[in-house]
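Mind the numbering: the sequence shown is residues 24 to 533 in our numbering, read in order. Working notes for the structure below.
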Amino acid sequence: MRSKKAMLNSAASLLLEFVSVICGFIVPRLIIGTYGSDINALTSSITQFLSYIALVEAGVGGVIRAALYRPLAEKNTAATSSIIKATENFFRKIAYIFLGYMAVLAAAFPVLVNKNFDWAFTASLVVIIGLSTFAQYYFGMTYTVLVQADQRRYITSFLQIGTIILNAVMVVIFIKLDASIHFLKFATSFIYILRPIALNIYVKRKYRIDKKAKADNEAVAQRWDGLGHHIAYFVNLNTDVVLLTVFAKISDSVALAEVSVYTIYYSVVNGIMKVASSLSSGVEAALGDMIAKKEYDNLNRKFNLYEFASFTLVTVLFTCAGLLIVPFMRVYMRGVTDADYIRPIFAYILVLANAMYSIRIPYHSVVYAAGHYRQTRNGAFAEAGINIAVSAILVYFYGIIGVAAGTLVAMTFRTVQYVYYLSKNILKRSMMFFIKRTAVSVLTVALSAAAVHFLPEFSMTSYLNWAVYACVVGVIVLAITCIVNLIFSRKEFVGALAVAKNAVFSKVKK
């Protein structure tokens, strides 16, 4: 049952990321084509600034999930209800804090970008974009954590898929109707409010939660450490956009349109990163269940395969991304002349930075499943500090390339720190596993890039031409990855194939 739920969760997450990537290409391109790069940059910057207080499931939610694994495994309704009550109290406090933060941002953010837009225009956009986030905290975040801890992440994935598709449809409709950006954003914010409402209905029918239960604050004692992790996480991921926005205001060397360039490229690599993380979405709850039941030998065996599969997936996805992202941009942004969207060096650094982030996924999944938030909190803060410091220095000299380089340095540091902590404190394994897998990935990337370099030149005049080229590149990268893994990681490669084969044939028999 645990394996089946993990597979369903991973499949649903993969479908979610696929839908997110497709819609993520459609919506920004429509907004840029209709309202311009400056408007796209403005809405992207507002979203990123609001994200600093957007304490979603990867932070405090992870702490709550870790606390829920045992009572859910033991079917202890009373303990589950007490934890849910404490969680609800916490997230509603965060919702009120968010309202205050949104009000401050609405007043201050227009001053930051007032050379492009008037105060009322920008302030009202901040409030409109923030509405759906408030609703998530107040009505939906608690139950999102509950169903994910119960290995039912597929429920939240399917709800997200529905709202993302509906959002894209509404964007197309309102753009066809020549709606203003304010009206469009208000309509799409309302769509995202529907998700927590639907989740509430599902949980009330599926679970027996005692609303009068006493809040168990001890069970979620590490919630503030998880909050610290997540603040550091969001600072780290959103530093680049914030610095570009600030320097667009104080320096003539950085234009606000650079934010649009960054967000368009980041939407591509972020989509790839989410596809890579879809594997962990189905596995983390299963790992937590093993830790709760003290199945440590099984945990080590499963983690070894999980690590191999994750490394292999990240290598294939991000090698293809590095080879294909610039050719894609030549097609995707054809006809857009208000900013230069063809930035090869920036693209390669950004892809590498997010590949480094994705490589850490297996390690922080185990750390989160084990509930080791307090022990790893300082590393999260250090990563955010390194990113801010290095990016702030380099953006002055190198602009958009500088912020990407700062992110790469910070993410490399944090990934190595995660591996070291896990090896010494949880799984008790040598770091040579990580070093070997990294060396194999580097070799795979080098051989793939060399092979693609000798391909006949493709004419990137249409999406069809790019798709053909992408298929050829994908086949080459996949073939080289398989060959290299057969030579250097044969045992894990055969083991991963056996797991996939058993999963497929078990479904066929049914």
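A virtual CB, placed ideally from N, CA and C, is assigned to each residue, including glycine.
Please return the same chain residues whose Cβ sits closer than 7 angstroms to the Cβ of residue i, not counting the five positions on each side in sequence.
i, result
"L445", "Y386, V389 and V390"
"F121", "I76, T156, F157 and Y160"
"V496", "C343, L346, L347 and V475"
"V337", "A299, A378, S381 and I382"
"I62", "I54 and I204"
"S147", "H205"
"I69", "F132, L148, V149 and I152"
Which same chain residues end up closer than 6 angstroms to residue i when comparing Cβ atoms and leaving out the 5 residues on each side of it in sequence?
i, result
"V79", "Confidence in V79 is poor, its pLDDT being 44 and thus under 50, which makes the residue's placement unreliable; the coordinate value appears in the next sentence. Excluding positions up to five away in sequence, the list is empty."
"G518", "L328"
"Q183", "L39"
"I295", "L340 and A344"
"A236", "S104, S105 and K108"
"L520", "none"
Restricting to Cα atoms, I'd like to know which of the options is closest to residue i.
i, options, result
"F113", "Y92, F162 and S155", "F162"
"F206", "T484, Y215, V194 and F341", "V194"
"Q440", "A474, G429 and Q398", "Q398"
"K108", "K234, N223 and R88", "K234"
"K19", "I117, V149 and A332", "This structure cannot settle anything about residue 19, because the visible part of the chain is limited to 24 through 533."
"R400", "G422, I424, R437 and V418", "R437"
"S290", "S104, S67 and F457", "S67"
"L128", "G153, S104 and R115", "G153"
"L95", "A35, R115, A191 and R231", "R231"
"I384", "A415, V418 and M434", "M434"
"K116", "L73, T165, L135 and V150", "T165"
"S301", "L340, I49, K227 and E480", "L340"
"Y124", "N32, L73, S33 and V491", "L73"
"L501", "S471, F270 and A490", "S471"
Report the CB separation of residue i from residue j in whole angstroms; it is logged as a contact under 8 angstroms.
i, j, result
"I198", "L53", "6 angstroms"
"A427", "D263", "7 angstroms"
"V284", "I423", "6 angstroms"
"I216", "L189", "Not quite, the Cβ-Cβ distance comes to about 12 angstroms (not below 8 angstroms), so this is no contact."
"T467", "T430", "Contact doesn't hold; Cβ gap of about 23 angstroms is too wide."
"V463", "V432", "Not confirmed; about 23 angstroms, so no contact."
Classify residue i as buried or exposed, calling it buried when 16 or more other Cβ atoms lie within 10 Å of its own Cβ.
i, result
"Y319", "exposed"
"P51", "buried"
"A407", "buried"
"F420", "exposed"
"D239", "buried"
"R357", "exposed"
"F369", "buried"
"R366", "buried"
"D363", "exposed"
"C494", "exposed"
"S180", "buried"
"F132", "buried"
"N99", "exposed"
"M30", "buried"
"L373", "buried"
"A376", "buried"
"T484", "exposed"
"P219", "buried"
"S453", "exposed"
"L267", "buried"
"Y288", "buried"
Using a Cβ-based criterion (distance less than 6 angstroms to any ligand heavy atom), does residue i qualify as near the ligand MN?
i, result
"I384", "Among the ligands in the structure shown, none appear at all, so the ligand MN cannot be discussed."
Who are the near neighbours of residue i in its chain, counting only those whose CB is closer than 8 angstroms to its CB and skipping five residues on each side?
i, result
"F41", "V298"
"S13", "Only positions 24 to 533 of the chain appear in this structure, which leaves residue 13 out of reach."
"R460", "E330, F331, F334 and S512"
"I178", "V170, L222 and Y225"
"L509", "F516"
Does residue i come within less than 7 angstroms of chain C when only Cβ atoms are used?
i, result
"V390", "Here there is only one protein chain, and chain C is not present."
Checklist line | Secondary structure, alpha helix (DSSP H): runs of 4+ residues fully inside the segment 301-383 | finding: The DSSP assignment places complete alpha helix (DSSP H) segments of no fewer than 4 residues inside the segment 301-383 at 319-355 and 367-382, in order along the chain.
Next item on the list: Just list the alpha helix (DSSP H) runs in the segment 155-229, keeping only unbroken ones of 4 residues or longer that don't cross its boundaries, in chain order.
Entry: 164-172, 176-199 and 204-229, all fully within the segment 155-229.
Note to self: Could you tell me which whole alpha helix (DSSP H) segments of length 4 or greater appear in the segment 45-107?
What the structure shows: The qualifying runs are 60-74 and 85-96.
Check: Considering only residues of the segment 394-423, which uninterrupted beta strand (DSSP E) runs meet the minimum length of 3 residues and lie entirely inside it, listed in chain order?
Finding: Fully enclosed beta strand (DSSP E) runs of 3 or longer: not present.
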